[in-house]
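For the sequence shown, the working numbering assigns the number 1 to the initial residue and increments by one for each residue that follows.
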Amino acid sequence: MATVKPTTTKAKKSAPIRQVSSGNAYIQATYNNTIVTVTDLNGNTLAWSSAGACGFRGPKKATPFAASQIIKTITEKLKDTGMREVAVFVTGVGSGRDSAVRALNANGFSVTGIKDMTPLPHNGCRSPRARRV
Numbered sequence: 001m002a003t004v005k006p007t008t009t010k011a012k013k014s015a016p017i018r019q020v021s022s023g024n025a026y027i028q029a030t031y032n033n034t035i036v037t038v039t040d041l042n043g044n045t046l047a048w049s050s051a052g053a054c055g056f057r058g059p060k061k062a063t064p065f066a067a068s069q070i071i072k073t074i075t076e077k078l079k080d081t082g083m084r085e086v087a088v089f090v091t092g093v094g095s096g097r098d099s100a101v102r103a104l105n106a107n108g109f110s111v112t113g114i115k116d117m118t119p120l121p122h123n124g125c126r127s128p129r130a131r132r133v
């Protein structure tokens, strides 16, 4: 009979907290969800959150209130990094766009610039038919 060796698991070392004064905030606002990622100027992710990760389910994920709660949780994650200035890049047409930018400003971040990076077709694929509600 083979002897079973006990496996030893090594404890993961957490990465040291980097001190960053400014960074980028990428807001992806779709019709169904809002996702926010905060990076340093090199593009390394410091914190991210989404409406689903904050506990919202179903149609509540696409609300402006959910977007403000996302920024609140990201502020908690970033409080040790010392980040104060944020350049905002917005993608999508969801309802959480404006409230996420306003919440960034209200939670102590200085917004240095806002850029809309929503992709627009130059007459590409035919768009879907209009909904009859």
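Even glycine gets a Cβ: it sits at the ideal position worked out from N, Cα and C.
Residue i versus the options, residue with shortest Cα-Cα distance
i      : options                         : result
ILE74  : LEU46, GLY124, THR112 and LYS60 : LEU46
PHE56  : ILE70, TRP48 and GLN19          : ILE70
MET117 : ALA130, LYS10, VAL88 and THR7   : VAL88
MET83  : ASN123, ASN105, LYS60 and VAL90 : ASN105
ARG102 : THR9, THR8 and ILE27            : ILE27
SER50  : LYS60, THR81, ASN42 and GLY43   : LYS60
ASN32  : ASN42, GLY124 and GLY58         : GLY58
Neighbourhood of residue i by C-beta distance below 6 Å, restricted to the same chain and skipping five residues each side
i     : result
TRP48 : THR37
GLU85 : SER22, SER110 and THR112
ARG97 : ALA29 and VAL90
Proximity of residue i and residue j at Cβ, strictly below 7 Å
i     : j     : result
ALA67 : THR30 : no
SER99 : PRO64 : yes
ALA62 : GLY94 : yes
THR39 : ASN24 : yes
Start and end residues, beta strand (DSSP E) containing residue i
i      : result
LEU41  : First-last for LEU41: undefined, no H or E at that position.
PHE65  : No beta strand (DSSP E) holds PHE65; the alpha helix (DSSP H) holding it covers 64–78.
LEU120 : No beta strand (DSSP E) holds LEU120; DSSP gives it neither H nor E.
PHE89  : 85–91
Residues of its chain near residue i, where Cβ-Cβ distance is below 7 Å and the 5 sequence neighbours each way are ignored
i      : result
GLN19  : THR81 and GLY82
ILE114 : VAL88, VAL90 and VAL101
TYR78  : A small correction: the amino acid at residue 78 is Leu; Tyr does not occupy that position in the sequence shown. Once the five neighbours on either side are set aside, the close Cβ partners of LEU78 are VAL38, LEU46 and ALA47.
Any non-hydrogen atom of the ligand NAD closer than 6 Å to residue i Cβ
i     : result
TRP48 : The ligand NAD is not part of this structure, which contains no ligands at all.
Sequence-distant residues of the same chain with beta carbon closer than 8 Å to residue i, five excluded per side
i     : result
LYS72 : ALA103 and ASN107
ILE17 : ASP80 and THR81
Delimiting residues of the alpha helix (DSSP H) encompassing residue i
i      : result
VAL101 : 97–106
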